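Heads up: the protein sequence lines correspond to chains A and B, in order. Numbering-wise (this note's numbering), the first sequence opens with residue 1 and increments by one. Numbering-wise (this note's numbering), the second sequence opens with residue 1001 and increments by one.
There are 2 protein chains.
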Amino acid sequence: MNLAADTVKTLEWTPEGIVLIDQRLLPHREEYRLCRTYLEVAEAIQTMVVRGAPAIGVAAAMGVALGIQASKTRDLNTLQTEFDQICNTLAATRPTAVNLFWAIRRMKKVFDDLLAQGAEIHDIQQRLQEEALAIQREDIEANKAMGQHGASLVPGGKTVMTVCNAGTLATAGYGTALGVIRSAVCLGKNIDVIALETRPFLQGARLTAWELQKDSIPTTLITDNMAGYFLHSGRIGCVVVGADRIAANGDVANKIGTYTVAVLAKENGVPFYVAAPLSTIDLSIPSGEAIPIEQRPETEVTEIQGVRIAPAGVAVHNPAFDVTPHVYVSAIITERGIATAPYEECLRRLKEK
Amino acid sequence: MNLAADTVKTLEWTPEGIVLIDQRLLPHREEYRLCRTYLEVAEAIQTMVVRGAPAIGVAAAMGVALGIQASKTRDLNTLQTEFDQICNTLAATRPTAVNLFWAIRRMKKVFDDLLAQGAEIHDIQQRLQEEALAIQREDIEANKAMGQHGASLVPGGKTVMTVCNAGTLATAGYGTALGVIRSAVCLGKNIDVIALETRPFLQGARLTAWELQKDSIPTTLITDNMAGYFLHSGRIGCVVVGADRIAANGDVANKIGTYTVAVLAKENGVPFYVAAPLSTIDLSIPSGEAIPIEQRPETEVTEIQGVRIAPAGVAVHNPAFDVTPHVYVSAIITERGIATAPYEECLRRLKEK
């Protein structure tokens, strides 16, 4: 099987800078964008050139490494100031996906440790690059492990429904929710996929359909408001989605519309699974109510690829995420195994394993 | 209050033919289309120049009258053949909204009675025109009565959520669901509206937002997958939608996505109301399972106003309607009063009043 994970590179560290596939242009144009500075990386995260919680984490880590490599200082205090500036800028790009903050914190720890050890600036620059590449590598490994754990949950002979894009393009590679689907297909399970188009940014129509098409996994595209119709039809074996942040109690922040699908899945007796690396689990947040929800520009709703679809002057809301209370979550698939209720205990155990 | 119902004419009978506002071009262009033949009316219904169950009913009735006026025959047998041909063509345009078949049946009854009475062809032509105009007039009256009955159900100080467009543009005027909202506003209730954009055809973004803006009723546009987020927020006082066909047991076929909203409303303790004239209630259908669901072209999903949003070759489903089982329906608002569970009995009583 020729997996998109093998042929598409979401992010790549190169000597010239970080190369990102421009996800705003897919599926029409497969264009790569070179970010030569950490500010360009920050802008790419904010404008969704790169998106998906794990991919944002990797991009931020690479951004930190890139920013610090550009430093010309020989003074450690100045370096510290520059480092903080880089981290703060990258952290301010998007509020919901915790992987962003997790990755920056991990880079910070390496930086602080090296500083405490009296390392030289050149070594610090080198080690931060290595750490960013380790985060990238580990993300792919985590996704493959998630795939192995999660594949057993996917019923054969049925359709898997997924929201947004939690695939290769949302991660360093292979994907979280789409990784589970890929692994189920690799196990020989006879499944197909229903992808919700996922307005307003259309990650399902533009990215998931494109990715799964590359893998020859049969995929049907529907609009978001058809979710209930198909969940009620008996055709759906399970729902698998990714996550942007999971609270200690198992509440899941994910792309807007996920809560809607979760409620409908429960109402129709369809299992609802969340696939996410442990870096997405934020034990510092007790419940979903405390997760900050990003509000994005109105034009994402009133325009589709530059074409206006609503009357001028109409008021708009555009929350980019919603929170699915844990009671709707059948299981959370992580790289260290599958968590089920009571999540509080189970997630803590997996995270501290 | 300057109501859109007073300024916009969804359908108009003129000496040249039937004038329809082209709903595919709104809100960008307010263009009117003259249908000079019944075939042009059939095409306008099928391509959604005119849409909305009650409006389709009126258009079909006018189409029948127009078709029969064009007849040059002096032979009643030939007229009967032509009449059947006209009715069959109009009936074949769209399968779900029962108002289409109801209106054609009503025209047929007038035709059959006149034929039985030995009426002259000219009189038949004149009487069919009068009947079509009566259907149009009665639809507006029914909507205003529904508005009066339904307004009492709308909680003040809260937001009303609505799906698709069940307004002036979906009817002969005033609207069903939007009629209830208009009447609540006229009563002085302090409400605002959340309109779901309603993919794939975007009736909410293009038509409802436009109509309510004309009436200065504060309206916020959201994408369909945000419905759960807002229903969970405590902001929504009630949901009001229209209907395309209501079965004897109270199951409601309406625009795709209605079922999804109904389930989420129930889950969050928000009342879910359906506003529809008695012509939408089909007592011959025992439950929603027997309602035919129209499947529409794939390009409605893969393209938005001519702009492609999905990779070429992706499979698509496009059911235009779904069925909301009656257990999710808090009440059905008709022109003769409000039906509540058990619907079987209540709907029959209202219909036979």
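Built from N, CA and C at the ideal position, the CB exists for glycine as well. Every value quoted in this text rests on a predicted model; they were computed, and no experiment measured them.
Could you check what DSSP says for residue i in three-state terms: helix, strand or coil?
{"i": "I191(A)", "result": "coil"}
{"i": "M226(A)", "result": "helix"}
{"i": "R1245(B)", "result": "strand"}
{"i": "D365(A)", "result": "In the structure as shown, chain A starts at 1 and stops at 353, and residue 365(A) therefore has no counterpart that could be examined."}
{"i": "C1164(B)", "result": "coil"}
{"i": "P1130(B)", "result": "As written in the sequence, residue 1130(B) is Glu, which differs from the Pro given in the question. DSSP places E1130(B) in helix when its eight states are reduced to three."}
{"i": "E1138(B)", "result": "helix"}
{"i": "F272(A)", "result": "strand"}
{"i": "T1089(B)", "result": "helix"}
{"i": "G1337(B)", "result": "strand"}
{"i": "E1303(B)", "result": "strand"}
{"i": "R1206(B)", "result": "helix"}
{"i": "R1074(B)", "result": "coil"}
{"i": "R1308(B)", "result": "strand"}
{"i": "K1109(B)", "result": "helix"}
{"i": "V154(A)", "result": "coil"}
{"i": "V98(A)", "result": "helix"}
{"i": "T260(A)", "result": "helix"}
{"i": "S183(A)", "result": "helix"}
{"i": "R349(A)", "result": "helix"}
{"i": "L178(A)", "result": "helix"}
{"i": "E120(A)", "result": "coil"}
Leaving out five residues before and five after residue i in sequence, what residues of the same chain have Cβ atoms less than 7 Å from its Cβ?
{"i": "F272(A)", "result": "V239, A262, A265, K266, Y328, V329, S330"}
{"i": "Q1213(B)", "result": "T1219"}
{"i": "E31(A)", "result": "D22, L25"}
{"i": "L350(A)", "result": "L278, T334, R336, G337, A339"}
{"i": "I104(A)", "result": "A60, V64, C87, L90, A91"}
{"i": "I256(A)", "result": "P319, A320, F321, D322"}
{"i": "G313(A)", "result": "none"}
{"i": "A1310(B)", "result": "T1302"}
{"i": "P1292(B)", "result": "P1095, T1096"}
{"i": "D224(A)", "result": "L196, E197, T198, R199, G257"}
Drop a sphere of 10 angstroms on the beta-carbon of residue i, count the other beta-carbons inside from all chains shown, and report buried for 16 or more, exposed for fewer.
{"i": "H1122(B)", "result": "exposed"}
{"i": "E211(A)", "result": "buried"}
{"i": "V1307(B)", "result": "exposed"}
{"i": "L1231(B)", "result": "buried"}
{"i": "C87(A)", "result": "buried"}
{"i": "N77(A)", "result": "exposed"}
{"i": "P277(A)", "result": "buried"}
{"i": "D965(B)", "result": "Given a span of 1001 to 1353 for chain B in the structure shown, any question on residue 965(B) remains unanswerable."}
{"i": "L347(A)", "result": "buried"}
{"i": "L1221(B)", "result": "buried"}
{"i": "A1116(B)", "result": "exposed"}
{"i": "G250(A)", "result": "buried"}
{"i": "L34(A)", "result": "exposed"}
{"i": "A134(A)", "result": "exposed"}
{"i": "C186(A)", "result": "exposed"}
{"i": "R51(A)", "result": "buried"}
{"i": "D215(A)", "result": "buried"}
{"i": "G1156(B)", "result": "exposed"}
{"i": "R137(A)", "result": "exposed"}
Report the partner residues of residue i according to the DSSP bridge assignment.
{"i": "P1319(B)", "result": "Q1295(B)"}
{"i": "Y328(A)", "result": "DSSP, once it has assigned bridges, lists no residue as partnering Y328(A)."}
{"i": "N254(A)", "result": "D322(A)"}
{"i": "F1020(B)", "result": "The displayed chain sequence assigns Leu, not Phe, to residue 1020(B). L1020(B) is bridged to L1011(B), R1033(B)."}
{"i": "T219(A)", "result": "V193(A)"}
{"i": "T159(A)", "result": "D192(A), I236(A)"}
{"i": "I281(A)", "result": "I246(A)"}
Less than 8 Å between C-beta atoms, sequence neighbours within five positions excluded: which residues of the same chain meet that for residue i?
{"i": "N318(A)", "result": "P200, Q295, R296, P297, E298, E300, V301"}
{"i": "L100(A)", "result": "I45, A53, I56, G57, A60, L90, A91, T93, R94"}
{"i": "G269(A)", "result": "none"}
{"i": "V1154(B)", "result": "V1160, V1180, I1181, A1184, K1189, I1191, G1237, C1238, V1240"}
{"i": "T73(A)", "result": "L79, E82, I121"}
{"i": "S1284(B)", "result": "A1248"}
{"i": "M1048(B)", "result": "Q1023, R1024, F1201"}
{"i": "G1150(B)", "result": "G1179, V1180, S1183, A1184, V1240, Y1273, A1275, I1333, I1338"}
Give every residue of the same chain whose Cβ lies closer than 6 Å to the Cβ of residue i, excluding the five residues on either side of it in the sequence, and list them in chain order.
{"i": "A55(A)", "result": "T10, A170, T171"}
{"i": "T1324(B)", "result": "V1252, T1258, Y1259, A1262"}
{"i": "G67(A)", "result": "Y38, I86"}
{"i": "I1124(B)", "result": "L1114"}
Below 7 Å on C-beta distance, what does residue i contact in chain E?
{"i": "D1139(B)", "result": "Absence of chain E from the displayed structure is noted, the protein chains being A and B."}
Using only the heavy atoms of the ligand NAP, determine whether one of them is closer than 7 Å to the beta carbon of residue i.
{"i": "F1321(B)", "result": "The ligand NAP is not part of this structure, which contains no ligands at all."}
(Q) Restricting to runs no shorter than 4 residues, where is the alpha helix (DSSP H) found entirely within the region 29–67 of chain A? (A) 38–46
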